[in-house]
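One structure below.
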Amino acid sequence: MSGTSEGPMPPTGGAPDTGRSVFTESDHQDSALAALRDYRSAFQVAALPMAVVDHRGEVVRANDALGGLLGTDPGSLARRPAADLVGLTSDHRTRHAYDEVLLGTRPRLRCTRRLKHSDGRSLWAEVTVVPVGSLSAGQDPGPGSVLLSVADISDRHELQQRLRHLRMHDPVTRLANRTLFFERLSTALETPPFQDDSLPGHGRIGLCYLDLDGFKAVNDTLGHSTGDRLLAAVAARLTDCAEADGHRRTGGHLVARLGGDEFAILVEDSAGTHQLTELARAVLTALQRPFDLAGQRLSVSASIGVVERASAGTSPTGLMQAADTTLYWAKADGRARWTLFDPERNAHRMTRQALSATLGPAVERGEFTLEYQPLVGMADEVVRGVEALVRWAHPQFGTLPPSRFVPIAEEDGTIVQLGRWVLRTACRQARRWQLDHPDGQPLFISVNVAVRQVRDSDLTADVAEILAETGLEPSLLQLELTESAVMGSSGRPLRVLQSLSDMGVRIAIDDFGTGYSNLAYLSRLPVSVLKLDGSFVRGFRYEDGAHPSPADETIVEAMVQLAHRLGLTVTAECVETSGQAERLRRIGCDTGQGWLYSRAVAPERIAELIGARHPGS
Numbered sequence: 131m132s133g134t135s136e137g138p139m140p141p142t143g144g145a146p147d148t149g150r151s152v153f154t155e156s157d158h159q160d161s162a163l164a165a166l167r168d169y170r171s172a173f174q175v176a177a178l179p180m181a182v183v184d185h186r187g188e189v190v191r192a193n194d195a196l197g198g199l200l201g202t203d204p205g206s207l208a209r210r211p212a213a214d215l216v217g218l219t220s221d222h223r224t225r226h227a228y229d230e231v232l233l234g235t236r237p238r239l240r241c242t243r244r245l246k247h248s249d250g251r252s253l254w255a256e257v258t259v260v261p262v263g264s265l266s267a268g269q270d271p272g273p274g275s276v277l278l279s280v281a282d283i284s285d286r287h288e289l290q291q292r293l294r295h296l297r298m299h300d301p302v303t304r305l306a307n308r309t310l311f312f313e314r315l316s317t318a319l320e321t322p323p324f325q326d327d328s329l330p331g332h333g334r335i336g337l338c339y340l341d342l343d344g345f346k347a348v349n350d351t352l353g354h355s356t357g358d359r360l361l362a363a364v365a366a367r368l369t370d371c372a373e374a375d376g377h378r379r380t381g382g383h384l385v386a387r388l389g390g391d392e393f394a395i396l397v398e399d400s401a402g403t404h405q406l407t408e409l410a411r412a413v414l415t416a417l418q419r420p421f422d423l424a425g426q427r428l429s430v431s432a433s434i435g436v437v438e439r440a441s442a443g444t445s446p447t448g449l450m451q452a453a454d455t456t457l458y459w460a461k462a463d464g465r466a467r468w469t470l471f472d473p474e475r476n477a478h479r480m481t482r483q484a485l486s487a488t489l490g491p492a493v494e495r496g497e498f499t500l501e502y503q504p505l506v507g508m509a510d511e512v513v514r515g516v517e518a519l520v521r522w523a524h525p526q527f528g529t530l531p532p533s534r535f536v537p538i539a540e541e542d543g544t545i546v547q548l549g550r551w552v553l554r555t556a557c558r559q560a561r562r563w564q565l566d567h568p569d570g571q572p573l574f575i576s577v578n579v580a581v582r583q584v585r586d587s588d589l590t591a592d593v594a595e596i597l598a599e600t601g602l603e604p605s606l607l608q609l610e611l612t613e614s615a616v617m618g619s620s621g622r623p624l625r626v627l628q629s630l631s632d633m634g635v636r637i638a639i640d641d642f643g644t645g646y647s648n649l650a651y652l653s654r655l656p657v658s659v660l661k662l663d664g665s666f667v668r669g670f671r672y673e674d675g676a677h678p679s680p681a682d683e684t685i686v687e688a689m690v691q692l693a694h695r696l697g698l699t700v701t702a703e704c705v706e707t708s709g710q711a712e713r714l715r716r717i718g719c720d721t722g723q724g725w726l727y728s729r730a731v732a733p734e735r736i737a738e739l740i741g742a743r744h745p746g747s
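Here my numbering is used: the first residue of the sequence shown is 131, the next is one more, and so on.
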């Protein structure tokens, strides 16, 4: 045999034969082509709509599923901007994120879009964009390409919408609930209005906030099922009113049930205050018609707070606070009415709240002072006593008269603390005058007492303690209560008044003649003084061309005679002219009080008047 062979010898353990490898370059190419064919085949038949997009954002290839989703031939999508096909340019934020994925600076984009089929149907889709690597050389996608996939989520979106509707709507009335109402309100205030000054509703918002008057009685007497039927019927009428106004004006309004018997009509593009007030009138008229509920005929009314203002600078909280305040006004003004928000009235309310919050500490800080107005004998015009009138030297609002803060103190109970301070200060001052003028006739001091002081404190103990502390004789203290407080006294209040009278303290009925007095009851009360309301005395004026009222004179004369027969003395308030004083003197009035004699003055000025005749001269 020769030493050579015609064919290659198999390797026998030495270095491999490099003339031919197991996998040749041709084998690699075949494998890559096979993988590409597999990729193309899988891509083409995939159920998920997809497209390969190059770094410029143009479609390189779309599969059949994407063509079917969009209702077009997938081949026709090549070279078209992918962002336009699936709505990625509809807002700036999404477009920016998409560009970042194309540039490779963002790993993924996922968003929900509403797409249109070629036959006009709409569908909801979840669009995902992710970068992909190079699959092959040549015509297939290279570096910078992305894979766009589109999943039809219409069924899921519809379910989510149904669930959202249930979550955002009231089950009884099917109206928007509180959550949806505040969502719409916040959106309306946060979204800049369309800039067209010619439109009547440019940048304004309005709200009718209402509740039913006496609805609790319906639930309590007829049951909650009837109450729910009534709420549903009310909701239907409110919707009719809102739709009628919306069609005539600037668009639909949102009607919502905020809870219980509270409803709201939100006017997102208000044409002005007149639109809101007309809508409120229409609602009141609609609710005045009786309701027929399963054979039961019910009539209801509503109170409505109306707020209308520019959207700019308005917050949801601020708008609702204004609406709630205005609804309160409507109820306080008599119910079954609408009331428009009044900034001046609201400022007064805010001031009232500020006073209420600081009233108690103000007593402790010594911000209150007393002034005194003389009570003059009508027969000799000599000062017999003085009435203590409290003033508040407020650090922010200046000097405030009692009418500004006493009603607040009566509501929140601070009147007990304040009244105790007034009583102690006034008695101490009366005793000082007595000690400083031992030869003069002692002045009695008259102090106003609120009915809450009688009910919520041990007034008898307070008076006894203060009289003992100051050394003032009980007969020199006069406590004034309003006619309505005294005439309705019974039980403990009556026992308190009786114990004070037994102590020697004089009890006076202030503003007598303005209430509904039970004259028979008057004789059984421990009262020693009647103070005639100034409205009667004003009818006595002869000066300045004024004509006296014969009726007032007759009434006053009768009250004076009645009081004297009951052993009571009479003080006339608001005596301003000598003509009034003269007529009151002839009638027999005992003492007078008013500007003819003196306004309320500092205690130093009262000291000068002790023993003087006609202090106003």
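Even glycine gets a Cβ: it sits at the ideal position worked out from N, Cα and C.
For residue j and residue i, the rounded distance between their alpha carbons
{"i": "Leu660", "j": "Glu541", "result": "26 Å"}
{"i": "Ser266", "j": "Gly333", "result": "Because the pLDDT of Ser266 is 40, which lies under 50, any placement of that residue in the model is unreliable, and the number read from its coordinates should be weighed accordingly. If I take the Cα positions, the gap works out to 58 Å."}
{"i": "Gly811", "j": "Gly669", "result": "Outside the modelled stretch of the chain, which goes from 131 to 747, sits residue 811, for which no answer is possible."}
{"i": "Leu739", "j": "Ser708", "result": "19 Å"}
{"i": "Arg625", "j": "Ser728", "result": "36 Å"}
{"i": "Glu613", "j": "Pro572", "result": "27 Å"}
{"i": "Ala688", "j": "Ala681", "result": "11 Å"}
{"i": "Ala815", "j": "Gln483", "result": "The requested residue 815 does not occur in the structure, where the chain is confined to residues 131 to 747."}
{"i": "Ala556", "j": "Ala693", "result": "27 Å"}
{"i": "His638", "j": "Ser587", "result": "First, the amino acid is wrong: residue 638 is Ala here, not His. Answer to the nearest angstrom: the Cα atoms are 19 Å apart."}
{"i": "Gly331", "j": "His299", "result": "The predicted model places Gly331 with a pLDDT of 47, which falls under 50 and marks its position as unreliable; any figure quoted below should be read in that light. Whole-angstrom Cα-Cα distance: 27 Å."}
{"i": "Ala424", "j": "Val348", "result": "14 Å"}
{"i": "Leu519", "j": "Leu417", "result": "49 Å"}
{"i": "Leu360", "j": "Ala440", "result": "34 Å"}
{"i": "Ala227", "j": "Leu239", "result": "7 Å"}
{"i": "Pro532", "j": "Arg521", "result": "6 Å"}
{"i": "Met633", "j": "Arg534", "result": "33 Å"}
{"i": "Phe345", "j": "Gln559", "result": "54 Å"}
{"i": "Ser581", "j": "Gly507", "result": "Looking at the sequence itself, residue 581 is Val, so the reference to Ser does not match. Their backbone Cα atoms lie some 28 Å apart in a straight line."}
{"i": "Gln269", "j": "Asp229", "result": "Caution is warranted here: a pLDDT of 43 is assigned to Gln269, below 50, making its placement in the model unreliable, and the coordinate value is therefore given only provisionally. Between Gln269 and Asp229, the C-alpha separation is close to 23 Å."}
{"i": "Leu714", "j": "Asp463", "result": "38 Å"}
{"i": "Leu505", "j": "Thr590", "result": "25 Å"}
{"i": "Leu293", "j": "Asp285", "result": "12 Å"}
6 Å Cβ shell around residue i - same chain, five flanking residues per side excluded
{"i": "Phe471", "result": "Val437, Ala452, Thr456"}
{"i": "Thr699", "result": "Val659, Asp720"}
{"i": "Ser653", "result": "Leu696"}
{"i": "Ile395", "result": "Cys338, Ala372, His383, Val385"}
Beta-carbon spacing of residue i, residue j below 8 Å
{"i": "Gly201", "j": "Ser248", "result": "yes"}
{"i": "Gly724", "j": "Glu712", "result": "no"}
{"i": "Val189", "j": "Leu207", "result": "yes"}
{"i": "Val667", "j": "Ile717", "result": "no"}
{"i": "Ala432", "j": "Leu449", "result": "no"}
{"i": "Ala386", "j": "Ala306", "result": "yes"}
{"i": "Thr481", "j": "Phe527", "result": "yes"}
{"i": "Val280", "j": "Leu352", "result": "no"}
{"i": "Arg191", "j": "Ala177", "result": "no"}
{"i": "Glu494", "j": "Gln503", "result": "no"}
{"i": "Arg308", "j": "Leu388", "result": "yes"}
{"i": "Val635", "j": "Val593", "result": "yes"}
{"i": "Arg554", "j": "Gly601", "result": "no"}
Inter-residue CB distance, residue i and residue j (contact presumed, cutoff 8 Å)
{"i": "Ile575", "j": "Leu611", "result": "Wrong, their Cβ atoms sit about 15 Å apart, outside the cutoff."}
{"i": "Leu609", "j": "Val657", "result": "Not quite, the Cβ-Cβ distance comes to about 10 Å (not below 8 Å), so this is no contact."}
{"i": "Arg465", "j": "Asp343", "result": "5 Å"}
{"i": "Asp663", "j": "Glu599", "result": "Not a contact, Cβ separation roughly 34 Å."}
{"i": "Asp375", "j": "Leu409", "result": "5 Å"}
{"i": "Ala730", "j": "Asp566", "result": "That pair is no contact at about 20 Å."}
{"i": "Val262", "j": "Leu277", "result": "5 Å"}
Cβ shell of residue i (< 8 Å), same chain only, five flanking positions each side left out
{"i": "Leu726", "result": "Val705, Glu706, Thr707, Ser708, Gln710, Ala711, Gly746"}
{"i": "Ile538", "result": "Arg482, Leu485, Ser486, Leu489, Thr544"}
{"i": "Ser429", "result": "Gln418, Pro420, Phe421"}
Neighbourhood of residue i by C-beta, 7 Å cutoff - its chain only, sequence neighbours within 5 removed
{"i": "Pro446", "result": "Phe312, Leu315, Ser316, Leu319"}
{"i": "His185", "result": "Leu232, Gly274, Ser275"}
{"i": "Asp282", "result": "Leu199, Leu253, Ala255"}
{"i": "Gly187", "result": "Pro211, Ala212, Ala213, Leu232"}
{"i": "Ser355", "result": "none"}
Minimum Cβ-Cβ distance from residue i to chain D less than 8 Å
{"i": "Thr303", "result": "Given the protein chain composition of this structure (a single chain), no chain D is represented."}
- request: Counting only runs of 3+ residues fully inside the stretch 211–299, write out the beta strand (DSSP E) ranges in chain order.
  value: With a minimum length of 3 residues, the continuous beta strand (DSSP E) runs that stay inside the stretch 211–299 are 239–246, 252–261, 276–282.
query: Taking the runs of the beta strand (DSSP E) that are 3 residues or longer, which of them lie wholly in the stretch 401–458?
result: 421–423, 426–428, 431–440, all fully within the stretch 401–458.
task: Please specify which runs of the beta strand (DSSP E), each continuous and at least 3 residues long, are wholly inside the stretch 455–479, giving them in chain order.
output: 468–470
query: If you scan the stretch 558–623 from start to end, which runs of the beta strand (DSSP E) of 3 or more residues do you find wholly inside it?
result: 574–578, 607–612
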